[in-house]
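Position 255 (the sequence shown) corresponds to 659 in the numbering used here; numbering is contiguous.
Cβ atoms here follow ideal geometry from the backbone N, Cα and C, with glycine treated the same way.
In this text, all values refer to a predicted model and were calculated from it rather than measured experimentally.
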Amino acid sequence: MTRAAWPGTAPLARVLNPRRSLRARFALMLGGCGLAFALGTALVVDRYERGQLVETHGQAMRREALLVARSLTLALQERLQQLQAVAALPTVASGLMETADLRMLLESLRAQQPALAWVGVVDGAGRIAVATNGLLEGQPVPDAAGYREAWHQPWIGGRRPAGALSEHLGLSAGREPLLIDLGVPLRDLQAQPFGVLVAALRWEWLEAQFQAIDRHDGRLPGSSAVVLDRSDRVLLGPPARLDRPLALPADALDALRGGAAPRVLAWNGEGEFLTTAARDTLADEVAALTVVVRQPVAQAFAAADALRGRLLWGGLGAAAAFALLSIWLAGRVARPVQALAAEAAGVVQGRAPAFEALAPRRADEVAELAAQLQALHLALERRVAEQRQASERFRGLFESTPLAVVFVVDGRVRLVNDACRALFGVDDAASLVGRDALALVEPADRERLRSAYADWLAEAPLRALPPVDVRIRRRGGEPALAEATAMALDARHGEGGVQVLLRDVTEERRARALLAEREEQLLRTSRLARVGGWQFDLRSGEGRWTDELARIYERPPLPVPSPQEALACFHGEARATLAAAVQAAQRHGRPYDLELPIELPSGSRKWVRAQGYPVLEDGRVVRLEGVTQDVTERRAAQDALQALNAELERRVAARTAELQAANEELDAFAYAVSHDLRAPLRAMSGFSAALVEDHGDRLDAEARGYLEHIVQGAQRMGGLIDGLLRLSRTVRGELHAETVDLSRLAERAVAELRRQEPQRAVAVEIEPGLQVVGDPRMLDAVMVNLVGNAWKYSAGAAAAHIRVHAETRGDARWFCIEDNGAGFDMAHAGRLFKAFARLHRQDEFPGMGIGLATVQRVIHRHGGRLEAEGRPGEGATFRFTLPPRPPAAETENPGP
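Written out as structure tokens, the structure is:
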């Protein structure tokens, strides 16, 4: 059977629910106050009782720690004093005592003190000089650090194994005996140290002393003590803790040892204990023993815990009594309130209320509440009617406004108007209502809008959010730009949120961006062209100018100078010319365009081009507008160009005179070579031939060979003179530029070579249409020499091949003559174009060495470039390129 099936369950639940029952609320409040009072009292008493227990138990534990520390320290001090008494004997201090006598003295001391297992004297070198029973004599002292400290003052060491003394001392309880080192300095009669009197104290004896002291009837229940040596390791205590540091923070132990009050500390792995520590200050520098006493928290605070329990139970009983009393009192108050609530519920269901009839004979607060509820009902009816009318008016304004309005509550769209639906391109509000407001914005702008919204809420939420441009996307995917602003809604009069206004600024921003771009472009253009604009209103006398014009006049942009101030930069004739032009523009509406010099206040001088245009209204000039351009650099360039032209004309004249003189000298040289040198050569050749012809039968073979060499030399000399003359005449004279067909020149050169050597079979490939602009005579010499060079050096090839073609590299067109002949080493390529320089022997390939030098001079005369590439035995390639028009050429037939 379910809980709802029990009769009266629902009313009981309402009575017991503090949110719905005044009686349950009173019971909860009074009962809770009683319980809180009881808990607070128990807490205060518990804390006070714990403090008292810490103080009383702590004092008792500290007294116990001091008692143990004092007793053990005195026992150790007594043994040290006995050692000091022996060390102070005059016979020992004098150093005159025999070793045997000193050993007997030490034996006597050990016999008197059974706790001492061994006694010895350590010399200045750190070795045992004398010892009881002669044990360890001559060996180094076991504890060197302790020996060094005992050299200056009495010293007590820590617990250590017997070591070498074990075999003489025997086992203790089935294990190696443990010792504690004691030491006092030995001083001579002048109080200078010369050794150390050391003794090994049985640790079991000190443990027995500790056990005897620790077992007394006044100890607190559960308390225990441990003794720490000078290095804070356990010297006496439970076997599991011996020779180990305590699991306590070092600062806490130092504070307790320094006299701090006992405190509860957490011992690692054992729980919490009330802990204190003490050290005997009377012999602190010698024994340095620390006694730590602890008591489990459960036993230390058992009395406080019992008192706290009793207080809690008493508090619970008092809270129950308060709750029952409050339920009875609340019932007396709640009944009339329930009646008023039932009547108010009837108002919600549409019934007319009768609040005053519920308490006709009452004059207390309930009757006043009923009257106020009746008045409230009447006032609410009036306000509801007014609110309905205001809501209808707001709805009309909301839907008719041209701005898109969005109401956002908790980050989601709650309401939109028709303009908003049109902005996003949706048919009904359901497509937008309920969506995340930031989802209406492009993802790239969401973080920026969120940041601006957060800053606005943090700084000035009562003012409107400054306009922010955000990108949105319409329903069809079309992007748009909107200007968004927001105003927080007052949550005191309804549901809080934000009212967002959106305005479509797509076209406006596009036009603004285009305008800004054009303005920036205009500014850049003005700056690059150094052109500034100005305007002067003749009616108001006000003027404006651009920043660039201010830079030209070397003045700040503001204030704008008057026409008189601007005219002051012009001087003399320039000022009169400009003033007349401005006056003509004002009176007759004539524009002007002048180039004039100006002098600025800084002393610099510029040239400007001043242009003015009159603006007419109703046939009258009302405004002058114009531009001023800084043409200083152009004027300077013009002046420099004129000076350069004059200098060039002078240099050309001088150069022409030098060239004419050089040509005349060259003509004289050519005449001398042609006439003066040829006559002796002809005589040599003629007389040698006559000698062979007339007296050849009387000459032996050697003499005839000499004469043949003379004839060949004369002929070669004649060939060299002919080549020199050709080289001189090739580049002489004026260069006539016309269209030259290199393909035709190459074909003609090949035909002549085939005529001279018909027996050779050479494959020649000539690309048609190779045309350039140049001197036909000179370029014919180029092709004859390059084709002839390829013909000559391919004579040894099995299948000689010559190719004439063109190729393009970058912007230049190169004309190439290739062969598969002898080739050459690129390391000697620099000698190719030198006159009379040859890379092959005369018997291999005859020639004068003039052809390639002639080609280079012709190409350079045309302003072109010449390259050579080859490999020995693989052939060679000569390339040249010419400009579209040779320099200093006379054009006769430029061609197409």
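Where the beta strand (DSSP E) containing residue i begins and where it ends
| i | result |
| --- | --- |
| R1275 | R1269 to R1275 |
| S628 | S628 to L632 |
| V1311 | Because the chain in this structure spans residues 405 to 1300, residue 1311 falls outside the shown range and cannot be described. |
| L520 | L520 to V526 |
| T1212 | H1205 to R1213 |
Residue i - containing alpha helix (DSSP H), residue span
| i | result |
| --- | --- |
| G508 | First, the amino acid is wrong: residue 508 is Met here, not Gly. Here the alpha helix (DSSP H) through M508 covers T503 to Q516. |
| W860 | P847 to E863 |
| P581 | It is not in any alpha helix (DSSP H) - P581 carries neither H nor E in the DSSP assignment. |
| E921 | T910 to A933 |
| D1034 | Element bounds for D1034: not the alpha helix (DSSP H) but the beta strand (DSSP E), R1024 to D1034. |
| G1255 | G1255 to R1265 |
Which listed residue (the options) has its alpha carbon closest to that of residue i
| i | options | result |
| --- | --- | --- |
| D1179 | V1259, Y1197, R1164 and Q557 | V1259 |
| R564 | L593, G815 and D647 | D647 |
| A694 | G561, R1207, R714 and L639 | According to the sequence provided, residue 694 is Thr. The question's Ala does not apply to it. Ranking the options by Cα distance to T694, first place goes to L639. |
| A1216 | F1284, L918, A917 and L819 | F1284 |
| V1168 | L844, A1257, F1219 and W1195 | W1195 |
| L1020 | R1038, R994, L1000 and L998 | R994 |
| S966 | A978, A985, S944 and A980 | S944 |
| D1223 | A1210, T1212, V1191 and M1230 | V1191 |
| P589 | Q987, A491 and A1226 | A491 |
| V1176 | V1188, R1159, L971 and G1268 | G1268 |
| V472 | E580, A629, G528 and R579 | A629 |
| P1162 | A983, A1199 and E1138 | A1199 |
| L484 | A504, A519, R507 and E502 | A519 |
| A1149 | A469, R1164, A1165 and V1208 | The residue asked about is misnamed: residue 1149 is Leu in this sequence, not Ala. When only C-alpha atoms are compared, the closest one is V1208. |
| C824 | D658, D1229, L844 and D814 | L844 |
Buried versus exposed call for residue i [16 or more other C-beta atoms within 10 Å across all chains shown]
| i | result |
| --- | --- |
| Y1110 | exposed |
| N1049 | exposed |
| F1282 | buried |
| P1288 | exposed |
| T929 | exposed |
| A554 | buried |
| T680 | buried |
| E1106 | exposed |
| Q699 | buried |
| F798 | exposed |
| R683 | buried |
| T1032 | buried |
| M465 | buried |
| W1301 | With the chain represented from 405 up to 1300, any question about residue 1301 goes unanswered, as that position is not in the structure. |
| S1008 | exposed |
| V752 | exposed |
| P1018 | buried |
| A1280 | buried |
| I1206 | buried |
| L476 | buried |
| H897 | Note that H897 scores a pLDDT of 49, beneath 50, so its modelled location is shaky and nothing firm can be said. |
| D1034 | buried |
| L1286 | buried |
| A392 | A query on residue 392 cannot be resolved here, the shown segment of the chain reaching from 405 to 1300 and no further. |
Which residues DSSP lists as bridging residue i, in chain order
| i | result |
| --- | --- |
| Y1197 | Partner(s): none; Y1197 has no beta bridge. |
| W671 | G675 |
| Q903 | F811 and M891 |
| F1284 | F1219 and L1270 |
| Y996 | G1016 |
| D873 | E887 |
| D840 | R816 |
| I1002 | K1010 |
| D1145 | Q1175 |
| A682 | V695 |
Residue i: CB within 7 Å of a non-hydrogen atom of the ligand SAH
| i | result |
| --- | --- |
| F705 | Although the ligand SAH was asked about, the structure shown includes no ligands whatsoever. |
Can you confirm whether the stretch 905 to 914 touches the stretch 846 to 855 when touching is taken to mean that 3 or more C-beta pairs between the two stretches lie within less than 8 Å? Proximity of the stretch 846 to 855 to the stretch 905 to 914 falls short of the contact definition, fewer than three beta-carbon pairs being nearer than 8 Å.
Just checking, does the stretch 1182 to 1197 make contact with the stretch 1138 to 1146 on the three C-beta pairs under 8 Å criterion? The stretch 1182 to 1197 and the stretch 1138 to 1146 touch, with no fewer than 3 CB-CB distances between them shorter than 8 Å.
Touch check for the stretch 661 to 670 and the stretch 453 to 467: three-plus C-beta pairs under 8 Å? Enough Cβ pairs lie closer than 8 Å, so yes.
Could you check whether the stretch 994 to 1009 touches the stretch 966 to 982, counting it as contact only if at least three pairs of C-beta atoms, one from each stretch, sit closer than 8 Å? Cβ pair count under 8 Å is three or more, so yes.
Between the stretch 788 to 802 and the stretch 870 to 888, do three or more beta carbon pairs fall short of 8 Å? They do not touch, by the three-pair rule.
When you compare the stretch 954 to 966 with the stretch 919 to 937, are there three or more beta-carbon pairs, one atom per stretch, that lie closer than 8 Å? Three or more Cβ pairs drawn from the stretch 954 to 966 and the stretch 919 to 937 lie within less than 8 Å of each other, which places the two stretches in contact.
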